[in-house]
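In the order they appear, the protein sequences are chains L, U, C and E.
Here my numbering = 1-based position in the first sequence + 245.
Here my numbering = 1-based position in the second sequence + 245.
Here my numbering = 1-based position in the third sequence + 245.
Here my numbering = 1-based position in the fourth sequence + 245.
Number of protein chains: 4
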Amino acid sequence: MNENPRFAAVDAEFESRVRDNFARQSLMKHLGAELAEIGPGRAEIHVPFRMEVTQQDNYFHAGVSGAIAYSACGYAAFTLIPANASVVTVEYKINLLAPADGEKLMARARVLRSGKTLKICSADVYVQKNGAEIHCATMLATIMCLPGKSGRAG
Amino acid sequence: MNENPRFAAVDAEFESRVRDNFARQSLMKHLGAELAEIGPGRAEIHVPFRMEVTQQDNYFHAGVSGAIAYSACGYAAFTLIPANASVVTVEYKINLLAPADGEKLMARARVLRSGKTLKICSADVYVQKNGAEIHCATMLATIMCLPGKSGRAG
Amino acid sequence: MNENPRFAAVDAEFESRVRDNFARQSLMKHLGAELAEIGPGRAEIHVPFRMEVTQQDNYFHAGVSGAIAYSACGYAAFTLIPANASVVTVEYKINLLAPADGEKLMARARVLRSGKTLKICSADVYVQKNGAEIHCATMLATIMCLPGKSGRAG
Amino acid sequence: MNENPRFAAVDAEFESRVRDNFARQSLMKHLGAELAEIGPGRAEIHVPFRMEVTQQDNYFHAGVSGAIAYSACGYAAFTLIPANASVVTVEYKINLLAPADGEKLMARARVLRSGKTLKICSADVYVQKNGAEIHCATMLATIMCLPGKSGRAG
Chain L
246 MNENPRFAAV
256 DAEFESRVRD
266 NFARQSLMKH
276 LGAELAEIGP
286 GRAEIHVPFR
296 MEVTQQDNYF
306 HAGVSGAIAY
316 SACGYAAFTL
326 IPANASVVTV
336 EYKINLLAPA
346 DGEKLMARAR
356 VLRSGKTLKI
366 CSADVYVQKN
376 GAEIHCATML
386 ATIMCLPGKS
396 GRAG
Chain U
246 MNENPRFAAV
256 DAEFESRVRD
266 NFARQSLMKH
276 LGAELAEIGP
286 GRAEIHVPFR
296 MEVTQQDNYF
306 HAGVSGAIAY
316 SACGYAAFTL
326 IPANASVVTV
336 EYKINLLAPA
346 DGEKLMARAR
356 VLRSGKTLKI
366 CSADVYVQKN
376 GAEIHCATML
386 ATIMCLPGKS
396 GRAG
Chain C
246 MNENPRFAAV
256 DAEFESRVRD
266 NFARQSLMKH
276 LGAELAEIGP
286 GRAEIHVPFR
296 MEVTQQDNYF
306 HAGVSGAIAY
316 SACGYAAFTL
326 IPANASVVTV
336 EYKINLLAPA
346 DGEKLMARAR
356 VLRSGKTLKI
366 CSADVYVQKN
376 GAEIHCATML
386 ATIMCLPGKS
396 GRAG
Chain E
246 MNENPRFAAV
256 DAEFESRVRD
266 NFARQSLMKH
276 LGAELAEIGP
286 GRAEIHVPFR
296 MEVTQQDNYF
306 HAGVSGAIAY
316 SACGYAAFTL
326 IPANASVVTV
336 EYKINLLAPA
346 DGEKLMARAR
356 VLRSGKTLKI
366 CSADVYVQKN
376 GAEIHCATML
386 ATIMCLPGKS
396 GRAG
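What follows is the structure in structure tokens.
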């Protein structure tokens, strides 16, 4: 995964489409998630700490890491599709590397391979604590593009 | 995966330990999740429909499927460990099979292999709609047992 | 994964197409693999023990378990596609459950979900030893159908 | 996965132990695989093209990509363990990105997280063709360390 892919968006309005889709995902709002950054073939989602997203030790729940990492993968893929298309997640796999103990959880996703039908993405999850970033999870995900359907990335 | 494993709990009080741990996971409460069933080597978690757990089409968000499926795997493993041990999730992989469109989301997990250090688990996620159950996701997960630590399944 | 899917082949000649494709995979021959069984939505591949397929303890190498399990998934999907289509593996994930110590390695695959573009499959790997079967690995795999291309399952 | 981990071997003789273990894996020899490079927390395995490792289109079979990628992950972990310990692969997941069409297949693995019991690794597979390198697969793998056992990485 040491490439530096250069992807180009086919729809110049991709950012507004992505942000509009994100805003309609009630779960993201319920988790306090923010779409922090978006660009061709990449997306980043943040969740500030709050008790509602924790497990029993008051760390971020790994279910939140998984949810924002795969959503970031879906949106990274979403930036590269035509205006009238949509995406759906086929599968994802996550390895948890360290406890997500900190003030903010951040999932950074990027497209590794952009096929016409499938986009293969990776994401890394970091937790910010006292100014440092700890790498706490890594993901591989497969996203399918659906031509001509109303946008769903969930 | 066609075995019918017969696992025995080493701690007779496993159910109260599991239920206590579940009750301390703020995220599960925030998602409206319930620990529906528990037994040696198996666990089932339900989430009734509500808008807060949806994606943009008002289906259950796949992040919720992932979160309750891997949590159910963690608790299935938790039923088989000694009283003074705990578990931590190493990794999980989920394939999404159908849109989670319905009234209730249900993750059913079971231990496939119960090693001393690692428990390998699988889970299937179903959505209940008009009395029928639709198989909407399937997961494999690796859970590590930590001897002598305070219980965390997150 | 407790369904009992009933799939129907759209091409009545699916078995000869699958067997022909398998015969052209040099690696399968090199590993001594046999296509033991085939039916709509399922396939089974066997590898009898020989030193060439072992790791340092003279068990079957887990690379062989992975290779025959994902190939069996590919062929299970192959049984359900039209005569002029082909399949390609998108991804697979395997959990190793026990050492593959025995006389014959057997991968049994079946289709869990048969979409038009994607087939989601699972496989279980067993090793036969002294008449018993030991469950030594389990897999989830995603297979893509390519309409109108020459058959490749590799 | 944008870290640049600095791992130190605890056993100064790690390279000879790894090379000795590799030499005893009959499958690697059968596939024509070579341990091209080894260092603390990383390993690289190559397979030159030959018909015995192909699928029906005469590309490298994805089973070979999987086998050398997960073996490279195992050996990357192996470099970091004590002299009297060994490793065993728990699970791996691979995404296939492009056909492995070329003269040499190369799997490059590195440790992402080095816990006492578990090492989380990633690998990327490249195929060399006419002097260029094409990224054809990416893997995440979980490796367990077994203290005090005779070395097995398979």
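The C-beta atom is built at its ideal place from N, Cα and C for all residues, glycine as well.
Neighbouring residues, chain E, relative to residue i (Cβ below 8 angstroms)
i, result
"Asn329/C", "Here the premise fails: no neighbours, minimum Cβ distance about 16 angstroms."
"Leu342/L", "Leu357, Arg358 and Ile365"
"His380/C", "Going along chain E, no residue has its Cβ under 8 angstroms from His380/C, so there is no contact; the nearest lies around 15 angstroms."
Cβ of residue i within 8 angstroms of any chain U Cβ
i, result
"Ile290/C", "no"
"Val372/L", "no"
"Ile365/C", "yes"
"Val309/E", "no"
"Asn266/L", "yes"
Interface partners of residue i on chain U, CB under 9 angstroms
i, result
"Leu272/C", "Within 9 angstroms Cβ-Cβ: nothing; Leu272/C doesn't reach chain U, min ~25 angstroms."
Test: residue i CB closer than 8 angstroms to a CB of chain L
i, result
"Arg269/U", "yes"
"Val332/C", "no"
"Glu297/U", "yes"
"Arg397/U", "Any answer about Arg397/U is weak, because its pLDDT of 44 lies below 50 and its placement is not dependable; what the coordinates show is given next. At least one chain L Cβ lies under 8 angstroms of Arg397/U."
Residue-level contact to chain E via CB, residue i, 8 angstroms cutoff
i, result
"Arg287/L", "no"
"Thr387/U", "yes"
"Tyr320/C", "no"
"Leu391/C", "no"
"Met351/C", "no"
Chain-ordered chain E contacts of residue i [CB-CB under 7 angstroms]
i, result
"Glu258/C", "The premise fails here: Glu258/C is roughly 17 angstroms from chain E at the closest Cβ pair, so nothing lies under 7 angstroms."
"Ile339/C", "Glu336 and Tyr337"
Residue i - partner residues in DSSP beta bridges
i, result
"Gly284/L", "Arg287/L"
"Tyr320/L", "In DSSP, Tyr320/L forms no bridge with anything."
"Cys390/E", "Val332/E"
"Glu279/E", "His291/E"
"Glu378/L", "Gln373/L"
"Tyr337/C", "Ala386/C and Ile339/E"
"Met351/C", "His291/C and Tyr371/C"
"Arg358/C", "Ile365/C"
Neighbouring residues, chain L, relative to residue i (Cβ below 9 angstroms)
i, result
"Lys361/E", "Result: empty, since nearest Cβ-Cβ is about 14 angstroms, beyond 9 angstroms."
Beta carbon of residue i nearer than 8 angstroms to that of residue j
i, j, result
"Gly286/E", "Ala330/E", "no"
"Ile388/U", "Ala328/U", "no"
"Leu255/E", "Leu342/E", "In the sequence under discussion, the amino acid at residue 255/E is Val, which differs from the Leu named in the question. It is not a contact, given that the beta carbons lie outside the stated cut-off."
"Val292/U", "Leu276/U", "yes"
"Val298/L", "Leu272/U", "yes"
"Leu385/U", "Tyr337/U", "yes"
"Phe352/C", "Gly308/E", "Residue 352/C is actually Ala in this sequence, not Phe. No; because the gap between Cβ atoms is not below 8 angstroms, this pair is not in contact."
"Ala368/L", "Ala317/L", "yes"
"Ile339/C", "Ser310/C", "yes"
"Tyr320/E", "Ala278/E", "no"
"Tyr304/C", "Asp346/C", "yes"
"Val332/E", "Leu391/E", "yes"
Burial state of residue i (16 or more Cβ within 10 Å)
i, result
"Arg355/E", "buried"
"Arg295/E", "exposed"
"Leu364/C", "A small correction: the amino acid at residue 364/C is Lys; Leu does not occupy that position in the sequence shown. The residue in question, Lys364/C, is buried, as its Cβ has 16 or more Cβ neighbours within 10 Å."
"Ala268/E", "exposed"
"Glu258/L", "exposed"
"Glu378/C", "exposed"
"Arg251/L", "exposed"
"Ser359/C", "buried"
"Asn266/E", "buried"
8 angstroms Cβ cutoff, residue i in contact with chain C
i, result
"Glu348/L", "no"
"Asn249/U", "Confidence is the limiting factor: at Asn249/U the pLDDT is only 45, short of 50, which leaves the residue's position unreliable, though a coordinate-based value still follows. No, Asn249/U lies away from the interface with chain C (no Cβ there is under 8 angstroms from its Cβ)."
"Thr324/E", "no"
"Ser261/E", "no"
Contact set between residue i and chain E, taken where Cβ atoms lie within less than 9 angstroms
i, result
"Glu312/C", "Reading off the sequence, residue 312/C comes out as Ala, not Glu. Within 9 angstroms Cβ-Cβ: His306, Ala307, Gly308, Val309, Gly311 and Ala312."
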